Amino acid sequence: MPKSTLSTELFIKKIDELQHVISAIYREKNVISINNVEKLHALTNQFTELLSEFDLYTLNSNQQRELKKTRETYPKNDRKALNTKIRLMENEKAKANLKHQEAVQALKIKEESAREQLESAVIDLRDAAQNVLTANTTTFGDLFNRYKLLSAKLRQIIDSLPDAERIQHTADMTSIAQRVNLHKEQIDAQDRQARNVIEQTVRKTVQKISRMTVNDLLIGILGTANKQELAELTNLPSMKTITDKTDTGMLVVADLPVTDQTQLVQVMMQALAKSKSDKPGVLGQLIKAMEKDVTALIKGEKTHLSIVYDNGEGSVGSFHIEIGKFINATQTTLDTLFFQLYKQDVDADSGLVMSLTSPTEVGALLQFNEFDMNTVSATQSLEYMTGLVIQNAADPMVLSHIMNKPVRSEEMSYLTSHSTERRAGLKPEEVMGFIGAMAIMLEAGKQLSVPSSSKQHEKPLAQAITGSTMGQIKYVQTNVEPKVSSSQKQHEQILSQALPEQKISADSVCSESTLDPTNDKGKQEINILDGYQDICLKKKKEFEDLIKEFVRINNRLTLQAGKNSYRYGPVSTLASSALNNINRAGSQFFATPNQETFNAFYQAFENSINPLDKELKKHRSNPIFSGLAAVLKGLAGIIAALLVVPALAVQATTKKGYVGTFFSTPETVSSKAFKPVKEGLQSLIEAAEKSVKGPK
Numbered sequence: 001m002p003k004s005t006l007s008t009e010l011f012i013k014k015i016d017e018l019q020h021v022i023s024a025i026y027r028e029k030n031v032i033s034i035n036n037v038e039k040l041h042a043l044t045n046q047f048t049e050l051l052s053e054f055d056l057y058t059l060n061s062n063q064q065r066e067l068k069k070t071r072e073t074y075p076k077n078d079r080k081a082l083n084t085k086i087r088l089m090e091n092e093k094a095k096a097n098l099k100h101q102e103a104v105q106a107l108k109i110k111e112e113s114a115r116e117q118l119e120s121a122v123i124d125l126r127d128a129a130q131n132v133l134t135a136n137t138t139t140f141g142d143l144f145n146r147y148k149l150l151s152a153k154l155r156q157i158i159d160s161l162p163d164a165e166r167i168q169h170t171a172d173m174t175s176i177a178q179r180v181n182l183h184k185e186q187i188d189a190q191d192r193q194a195r196n197v198i199e200q201t202v203r204k205t206v207q208k209i210s211r212m213t214v215n216d217l218l219i220g221i222l223g224t225a226n227k228q229e230l231a232e233l234t235n236l237p238s239m240k241t242i243t244d245k246t247d248t249g250m251l252v253v254a255d256l257p258v259t260d261q262t263q264l265v266q267v268m269m270q271a272l273a274k275s276k277s278d279k280p281g282v283l284g285q286l287i288k289a290m291e292k293d294v295t296a297l298i299k300g301e302k303t304h305l306s307i308v309y310d311n312g313e314g315s316v317g318s319f320h321i322e323i324g325k326f327i328n329a330t331q332t333t334l335d336t337l338f339f340q341l342y343k344q345d346v347d348a349d350s351g352l353v354m355s356l357t358s359p360t361e362v363g364a365l366l367q368f369n370e371f372d373m374n375t376v377s378a379t380q381s382l383e384y385m386t387g388l389v390i391q392n393a394a395d396p397m398v399l400s401h402i403m404n405k406p407v408r409s410e411e412m413s414y415l416t417s418h419s420t421e422r423r424a425g426l427k428p429e430e431v432m433g434f435i436g437a438m439a440i441m442l443e444a445g446k447q448l449s450v451p452s453s454s455k456q457h458e459k460p461l462a463q464a465i466t467g468s469t470m471g472q473i474k475y476v477q478t479n480v481e482p483k484v485s486s487s488q489k490q491h492e493q494i495l496s497q498a499l500p501e502q503k504i505s506a507d508s509v510c511s512e513s514t515l516d517p518t519n520d521k522g523k524q525e526i527n528i529l530d531g532y533q534d535i536c537l538k539k540k541k542e543f544e545d546l547i548k549e550f551v552r553i554n555n556r557l558t559l560q561a562g563k564n565s566y567r568y569g570p571v572s573t574l575a576s577s578a579l580n581n582i583n584r585a586g587s588q589f590f591a592t593p594n595q596e597t598f599n600a601f602y603q604a605f606e607n608s609i610n611p612l613d614k615e616l617k618k619h620r621s622n623p624i625f626s627g628l629a630a631v632l633k634g635l636a637g638i639i640a641a642l643l644v645v646p647a648l649a650v651q652a653t654t655k656k657g658y659v660g661t662f663f664s665t666p667e668t669v670s671s672k673a674f675k676p677v678k679e680g681l682q683s684l685i686e687a688a689e690k691s692v693k694g695p696k
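The structure is reproduced here in C-alpha cells:
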C-alpha cells in the first residue's frame, strides 16, 4: 500500500514537536540524576516515536532536508551516550528505591516498637514523677535522678513516633516535667531555707559560746551548779592565778590570755577527775571519753573528728572533720556537717557516734559508708560496729569480714590520701579552741533538733550546754587491747562482746526452794544442779534487774505509742508481749529450775526476739530502742551462762531439745541476724557437753 504524503502544515507541526523534544533532552541531560532520569527516558522514547511517525509518510525533498537538519541537532553518538547514562542512572534509582523502601520498613518497625514500649515507659515515668512529687529533701536526689533517666528514655521512644503522635506525647511529658520542676524548686527553696537556718543558728551559737564565762564552762564540764563545789574550785591557788580575783561568773573565757586558757584547761581536767558529781556535763562526758584520744590528738596521731550516723534506713554514713578546720573554721565546718545531717534526715531521735580518728581510721570508716546495718543483729549497735571498724582499721582481712565485702589496703590508702589531711599535733593552746568548737557543735545541734515552739524561752547558757543534743551522741574510743588479725579471731571477739557472760565457768541458777530439804522436788533439783548453786542469787538478781529495766523501757514505749501510734505502736505491742512472756517464763524457771522450765524460758526468749528484731532495726539509733536491745542482749548472756550447767546442756543438745531444733532448722532473716548470739550459745552447749562426757 503506497504511503500518503504529509501536508506542509502537518509536517511543520510535527517537526516543531520534534525540535521541542530535542531541546528538552539537551536541557535535562546536562545534569543527570535519579530525580530526572525517568523524565529523560520518557523524552528519548518520545523522540524515537516522533521519528518513526515520519517514516509513515512520503516526504518531498524539502521535507527530507528539514528532517535531516533537525535530526543532526541530536546526533546518533549523543543519543547512544545518553541512553547508556540513562540505563546506569535507572539502576542507581532502583537501588535507591530499594533502600528507601527498606528505610520506610525500618521506620515502621521502629515506630511499632516505640508504640509497644510507650505504654510501660509512660507508666514508669508517671510512677517516678509521683515518687518525686512525694519525696522530701532526703529522698529527693536519688528519686529525681531516676526520673531524669526515665524521662530521657521516654524522649527517645517518643522521637521514634510520627509527628502527630510525637506532638501529643511531648505535651504530656512537658506537663509532667512542669510539676516535677515545680517540686524541685520547692525542695531547693526548702534546702536554701535550711542552710540559712543552720548558718544563723551556728552563727548565733558561735557568738553565744564566745561570751561563755569561766563559770559557764565549769558547769558545762562538771555538770553541777553546786555552789560549794564551784567555790572550792575557784578558790584553788591555780584558779586564782587565772581569774586574778575576778568573779568567774563575769570572766569571759575568750578574753583570757592564751596561757591562762591553757592553764584553765589543766585545772578543769583535774577537777573533772576529782568531781563529786554523779554525772558530768555533756562537754565533760565527751572530754572524759576522749581522755586517751586527746593525748593522741596532741601528738598528731589523731587528726580528725569522725561522726558516724545511720541514715534512717540502715545505711551507714559518716562525716570527717579535720581538727584544724574544726578549730579555725568552725562556722563553715558545722554548716556543712549539719546540712548533711539534715539531708540524711538525722533528727532528734537519731543517734550519732563520734570518735577522734587517725587518717587510717578515716579510710576504714569511709569504706564502712553505706554498710547495711539491717544485715546484723539489732543488738549490734552502730556504736559497736563503728568500734569494730576503728579497732581493725589497719587490717583489710578483718574489715572484709565485718563489712562482708572485699576491702583492699591499697584502696584504703588511696581513699585516705584523697580525703584526709595530715596535720601536726594539737598545740596545748589549741585545746581550748577545740573545747569551744565542741561546745558550739553540741549547742547548735541541740538548737537545731528542738522544735521551734520549744525555743520561745531560751535557756541560760550553762543549762543549755549540759542538755542533750541530736538524740544521743556516743563517743567511741579506740580499744587499747591488741587488734585481732584474722576473721576467726574477729568472730571470737564478736561473740565475746555479744555475750559478755559466756566466760563464766561455774555460774548457774537456783532458788531458795531448791535448798529446802523437806521439798522432794527440791532434793531432785539439788541433784540435777549439784555444784552450781553458789551464784544462783547473782543470776536471779541480774534477771530481775533486766526485767525492771525492761518494764521502764516498755512504759516509755507505751507513752510514745500513745503520741505516735504509727511509729511506735507495732514495737510497743511486741515489747509488751515479750516482757510478759520472758518475765513469766524466767520467773518460773528461777522459782523451779529444771530442764522443762529452762526450755520454756529459752523458748519464750526465742519467740520474743525474732519478731522484735525487725522492729528494732527500724529504730536502731533511737536511745529507747538501743536500751531495749541492750536488755535483750543481757538476757541472752544469762541464757548463755545457764548452758554451762551439765544437766541443762545435755538436755539442750538432745535431738528433742529445743536448742538442737532451733539451730538445725533453716535460718530465717531474723535468725541470721542473731547468728553471733546463736553461735555463742552453741559453742557453750558443745563445751558443756564435753565436760559432761569427760575426756576420751
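Each residue of the sequence shown is one higher than the one before, starting from 1 at the first, in full-length UniProt numbering. C-beta atoms are modelled at their ideal positions from N, C-alpha and C, and glycine is treated no differently. Nothing here was measured: the structure is a model prediction, and the numbers come from that model.
Test: residue i CB closer than 8 Å to a CB of chain B
{"i": "residue 127", "result": "No chain B is part of this structure, which consists of one protein chain only."}
Expected contact under 8 Å - CB spacing of residue i and residue j to nearest Å
{"i": "residue 553", "j": "residue 627", "result": "5 Å"}
{"i": "residue 13", "j": "residue 82", "result": "Their Cβ separation, rounded to whole angstroms, is 25 Å, which puts residue 13 and residue 82 out of contact at 8 Å."}
{"i": "residue 131", "j": "residue 118", "result": "20 Å between Cβ atoms; not a contact."}
{"i": "residue 212", "j": "residue 258", "result": "About 16 Å; that fails the 8 Å criterion."}
{"i": "residue 34", "j": "residue 92", "result": "6 Å"}
{"i": "residue 699", "j": "residue 443", "result": "This structure does not reach residue 699, given that the chain is present from 1 up to 696, and the question cannot be answered."}
{"i": "residue 435", "j": "residue 283", "result": "7 Å"}
{"i": "residue 90", "j": "residue 41", "result": "7 Å"}
{"i": "residue 432", "j": "residue 262", "result": "7 Å"}
{"i": "residue 221", "j": "residue 330", "result": "With 8 Å as the limit, residue 221 and residue 330 do not qualify as a contact, their Cβ atoms being about 19 Å apart."}
Residue i to residue j span [Cα, whole Å]
{"i": "residue 6", "j": "residue 18", "result": "15 Å"}
{"i": "residue 373", "j": "residue 308", "result": "12 Å"}
{"i": "residue 48", "j": "residue 62", "result": "21 Å"}
{"i": "residue 567", "j": "residue 616", "result": "12 Å"}
{"i": "residue 392", "j": "residue 366", "result": "13 Å"}
{"i": "residue 697", "j": "residue 102", "result": "Summary: the structure shown does not reach residue 697, with the chain confined to residues 1 through 696, and so no result is reported for it."}
{"i": "residue 594", "j": "residue 387", "result": "39 Å"}
{"i": "residue 66", "j": "residue 22", "result": "15 Å"}
{"i": "residue 352", "j": "residue 314", "result": "13 Å"}
{"i": "residue 294", "j": "residue 580", "result": "46 Å"}
{"i": "residue 486", "j": "residue 397", "result": "Note that residue 486 scores 38 on pLDDT, short of 50, meaning its location in the model is unreliable; the coordinates nonetheless yield the value given after this. Residue 486 and residue 397: Cα-Cα distance of roughly 7 Å."}
{"i": "residue 639", "j": "residue 574", "result": "21 Å"}
{"i": "residue 107", "j": "residue 161", "result": "9 Å"}
{"i": "residue 77", "j": "residue 153", "result": "60 Å"}
{"i": "residue 320", "j": "residue 217", "result": "26 Å"}
{"i": "residue 169", "j": "residue 156", "result": "12 Å"}
{"i": "residue 390", "j": "residue 125", "result": "43 Å"}
{"i": "residue 405", "j": "residue 634", "result": "30 Å"}
{"i": "residue 51", "j": "residue 26", "result": "17 Å"}
Cβ-based burial, residue i [other Cβ within 10 Å; buried from 16]
{"i": "residue 38", "result": "exposed"}
{"i": "residue 236", "result": "exposed"}
{"i": "residue 3", "result": "exposed"}
{"i": "residue 280", "result": "buried"}
{"i": "residue 16", "result": "exposed"}
{"i": "residue 145", "result": "exposed"}
{"i": "residue 141", "result": "exposed"}
{"i": "residue 20", "result": "exposed"}
{"i": "residue 96", "result": "exposed"}
{"i": "residue 383", "result": "buried"}
{"i": "residue 265", "result": "buried"}
{"i": "residue 64", "result": "exposed"}
Closest Cα partner of residue i within the set the options
{"i": "residue 589", "options": "22, 334, 605", "result": "605"}
{"i": "residue 576", "options": "337, 202, 556, 591", "result": "556"}
{"i": "residue 80", "options": "44, 340, 219", "result": "44"}
{"i": "residue 548", "options": "612, 202, 582", "result": "582"}
{"i": "residue 625", "options": "572, 238, 110, 610", "result": "572"}
{"i": "residue 139", "options": "546, 191, 78, 32", "result": "191"}
{"i": "residue 116", "options": "158, 587, 135, 75", "result": "158"}
{"i": "residue 70", "options": "317, 564, 11", "result": "11"}
{"i": "residue 611", "options": "596, 592, 632, 598", "result": "632"}
{"i": "residue 578", "options": "342, 629, 318", "result": "629"}
{"i": "residue 394", "options": "376, 363, 381, 375", "result": "363"}
On the three-pair Cβ rule with 8 Å, is the segment 301 to 316 touching the segment 358 to 369? yes
Is the number of C-beta pairs between the segment 124 to 138 and the segment 174 to 188 that are closer than 8 Å three or more? Touching, yes.
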